[in-house]
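Using our numbering, you'd call the opening residue of the sequence shown number 572 and step up by one each time. See below for the structure under consideration.
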Amino acid sequence: MTTPTDTLVPFAVAIERYEPLMGLETHVELGTRTKMFCGCITTFGAEPNSQVCPVCLGLPGSLPVVNRMAIEYAIRIGLALNCSIATWCRFARKNYFYPDMPKNFQISQYDEPLCTDGWLDIQVEGATIRVGIERVHLEEDTGKSLHVGGATGRIHGADYSLVDYNRAGIPLVEIVTKPIEGTGANAPEVARIYVTELRDLLRSLRVSDVRMEEGSLRCDVNTSLSPRGSGVWGTRTETKNVNSLRSVERAVRFEIERQAAVLDAGGRVILQTRHFHEDAGTTTSGRSKEEAQDYRYFPEPDLVPVAPSREWVEQVRAELPELPAARWTRLQAEWALSEGDMTALRNAGAFEKVAETVAAGASPSDARKWWLGELARRANEAGTDLAGLSIKPAEVARVAELVVQGALNDQLARQVLDRVLAGEGTPDEVVAARGLAVVSDEGALTAAVEAAIAANPDVAAKIRDGKLAAAGVLVGAVMKATRGKADGTRVRELILEHLT
C-alpha cells in the first residue's frame, strides 16, 4: 500500500505511536589506486570505459587476483571499529543480472566476512550511544549506469541508457550495523551522527577520501516501525545510495512518517528498496527487496581463502593513526575548551578547519573566532558549508597573525577575508594591493585625534570632566576619518593623553 506525501503522519505523532528500528549499510570505496581483483587504476572522473581490462569486464578466461592493500585497509577499518578479525575467510559469488555487472555476478563476502562484531560510540545530545557493527566485508563495486533523457535521470522515462565500467571492480568495503533500537525521536539524528562519525574515522585511517558527492561513501538506510508496546518489529524498507549526511537524516525521518501513515491506514509496509529524492526529501518505491537466497551465493572458485596472520593483524593495529575520539579528547584539553564548545565546533562543521588553522600557527581562540564568526556567516550567506568556502586554514591563520602583530584590526581583517574569498590572492597580497594595513604612523594618528577633538568640543569637555566613556565617540570619529585603518586601542590612548 502506498501513501501520498500529503497524508504523512507528522513526525511527533508517529514517534508517539511507533518505535523506530534502524540499520545502516555504508559502502566505502577504498583508495587503493588499483581495483579489487585486477591492476586497473581508479582515477575518479576519467573518460568512460578507459580504466577497464578483461578481468573487471568479466571476459572469458580472465581470472581475479586479490588486492593485498584492500585486505589491509579492511583490517584497519575493522580494528578501528573494535571488530574481531577472522583468521580465515573467503569470497563468494553474489549472482544477479544487471547491465552494470558485466560478469552477471559480484565477488563479495557472504557468510564468512573479514571483520565481525564491533562497535562505534557516538554522542547524541550529551549521551553516548553505542552502535553495534555486525560485519565489515570486502567486495567489488559495480559499474555506473547513465540514463539519458527523461526528467528524473532514472531508467523510467529515459530514451536510452549507457554504462561506464570504470567503477566496476573498485575495492568496496561494506560496513553493516546491528539493529539500532531505543532511539525514539532521535532516530534521524542518530543516523546522521553515526555516518558523520564513521566518515571521520575512515578519513583518519586514510583508507578512502570518503567524498559522498563523488560516490566514494554511500549509505543504505533500513527503517522499520513497531507499534509501541507490541514488541513486534515491522517490515523494513531499504533506502538506497543516500549521498549526503543531511539526506541520511531526512530519509529516516520521511520513512518514519510514511510508514506510520501506511500502518495507521490499515495498510502493510512492503519489503522493498526505495530511492531518496534530494530535492523533495522524499522516497519512492524501487523494487521488491531480495533476500540472500535470491542471490544464490556460493564460494568463489577462482580465489583462494584469505587467512591474515596474527602477526600481520597486530602490525596493522600498531600502525593505526590517532583515532578521532582520542584526538577529540586530546585537543579539547590542549585548547582548554568545554564539551559544549567542542560540540559547537562539530555541529558547525568547523572542527577540522579550526584544527588545521591552529596547526598553521593560530591560537585556538583566534581560530574559533574566525571560523565560527565571520566565516560561518559568509558560508551561510553563500548557502554552503565551511568546507565550501574558498579559503585555506593557513590563510585564516595568517589573517589572525596579522591582527596579533597589529598590522590589521578586526574591521580590516574582515575586509581581507572578503577579498581572499573573492579570489584576489593571499592575505598579504590583498593587504598590499588594497592598502588595508593599520595606520601606525604616530604623526598621522595624532593629527587625526586632534582633528576629532577640535570637531567635537562638547565631547572633549565631558572627557576632561572625567567622563571617560565619552572617548568612544572620538575613537569612532578617528576610525571613520582613517577608513577603519587606525588602531583603536592606540587612538583611545592618544585621546586620553590629550584630554586628561
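Even glycine gets a Cβ: it sits at the ideal position worked out from N, Cα and C. Every value quoted in this text rests on a predicted model; they were computed, and no experiment measured them.
{"Asked": "N951 classed as buried or exposed, judged by whether at least 16 other C-beta atoms fall within 10 angstroms", "Found": "exposed"}
{"Asked": "Integer-rounded CB distance, given that T597 should sit under 8 Å from I746", "Found": "5 Å"}
{"Asked": "Within 8 Å, strictly: CB atoms of P684 and Y736", "Found": "no"}
{"Asked": "Cβ-based neighbour list, G610, same chain, cut-off 8 Å, excluding 5 preceding and 5 following", "Found": "C624"}
{"Asked": "C660 beta carbon near the ligand GTP (any heavy atom closer than 7 Å)", "Found": "The ligand content of the structure shown is nil, which means the ligand GTP is not present either."}
{"Asked": "Those runs of the alpha helix (DSSP H) which lie wholly inside the region 846-905 and span at least 4 residues", "Found": "881-889"}
{"Asked": "8 Å contact criterion, which I751 and V823 should meet: CB distance rounded", "Found": "So it is not a contact: roughly 10 Å between Cβ atoms."}
{"Asked": "Inter-residue spacing [alpha-carbon to alpha-carbon] between A931 and L983", "Found": "21 Å"}
{"Asked": "Where M607 falls: helix, strand or coil (DSSP)", "Found": "coil"}
{"Asked": "H1081 burial status per 10 Å Cβ neighbour count (16 or more: buried)", "Found": "The chain is shown only over 572 to 1071; residue 1081 falls outside these bounds and no answer can be derived."}
{"Asked": "Y589 - partner residues in DSSP beta bridges", "Found": "P798"}
{"Asked": "Residues near G920 by beta carbon distance below 7 Å, same chain, minus five either side", "Found": "D956, L957 and A958"}
{"Asked": "Neighbourhood of L675 by C-beta distance below 6 Å, restricted to the same chain and skipping five residues each side", "Found": "Position check: residue 675 holds Asn in this sequence, whereas Leu was assumed. If we look at N675 and ignore the five residues flanking it on each side, its Cβ neighbours are F668."}
{"Asked": "Identity of the residue in D850, D865, H846 and Q864 nearest S856 by Cα", "Found": "H846"}
{"Asked": "Extent of the continuous beta strand (DSSP E) run through N812", "Found": "T808 to V813"}
{"Asked": "Nearest-angstrom beta carbon gap, V887 and R604 [assumed within contact, 8 Å]", "Found": "With 8 Å as the limit, R604 and V887 do not qualify as a contact, their Cβ atoms being about 19 Å apart."}
{"Asked": "Beta-carbon proximity of A762 to Y589, cut-off 8 Å", "Found": "no"}
{"Asked": "Short CB-CB distance (under 8 Å) between T844 and chain D", "Found": "Given the protein chain composition of this structure (a single chain), no chain D is represented."}
{"Asked": "A1031 vs I1024 beta-carbon contact at 8 Å", "Found": "yes"}
{"Asked": "Reference L874; option with closest CA among N1027, A907 and S633", "Found": "S633"}
{"Asked": "Cβ-based neighbour list, F582, same chain, cut-off 7 Å, excluding 5 preceding and 5 following", "Found": "R824, I827 and E828"}
{"Asked": "DSSP beta-bridge partners of A698", "Found": "V695"}
{"Asked": "Segment contact, 8 Å Cβ cut-off, at least three pairs: the region 689-702 with the region 710-727", "Found": "no"}
{"Asked": "Between the CA atoms of V766 and P575 - distance to the nearest angstrom", "Found": "Caution is warranted here: a pLDDT of 49 is assigned to P575, below 50, making its placement in the model unreliable, and no coordinate value can be reported."}
{"Asked": "Three-way DSSP call (helix, strand, coil) for N1027 in this model", "Found": "coil"}
{"Asked": "C-alpha gap between T573 and T794, whole angstroms", "Found": "Any answer about T573 is weak, because its pLDDT of 49 lies below 50 and its placement is not dependable; what the coordinates show is given next. If I take the Cα positions, the gap works out to 16 Å."}
{"Asked": "Under 8 Å between C-beta atoms of G994 and A1004", "Found": "no"}
{"Asked": "Helix, strand or coil at S679 [DSSP, three-state]", "Found": "strand"}
{"Asked": "Which listed residue (N1027, E966 and D712) has its alpha carbon closest to that of T928", "Found": "E966"}
{"Asked": "DSSP-derived helix/strand/coil call for K715", "Found": "strand"}
{"Asked": "C-beta contact flag for V792 and L595 at 8 Å", "Found": "yes"}
{"Asked": "Buried or exposed by the 16-neighbour rule on C-beta atoms within 10 Å, applied to G1072", "Found": "No answer is possible for residue 1072: it lies beyond the span of the chain, which begins at 572 and ends at 1071."}
{"Asked": "Option in L773, S716 and T808 with minimal Cα separation from E893", "Found": "L773"}
{"Asked": "Distance, T808 Cα to G977 Cα", "Found": "60 Å"}
{"Asked": "Counted within 10 angstroms of its Cβ, other Cβ atoms place F922 as buried (16 or more) or exposed", "Found": "buried"}
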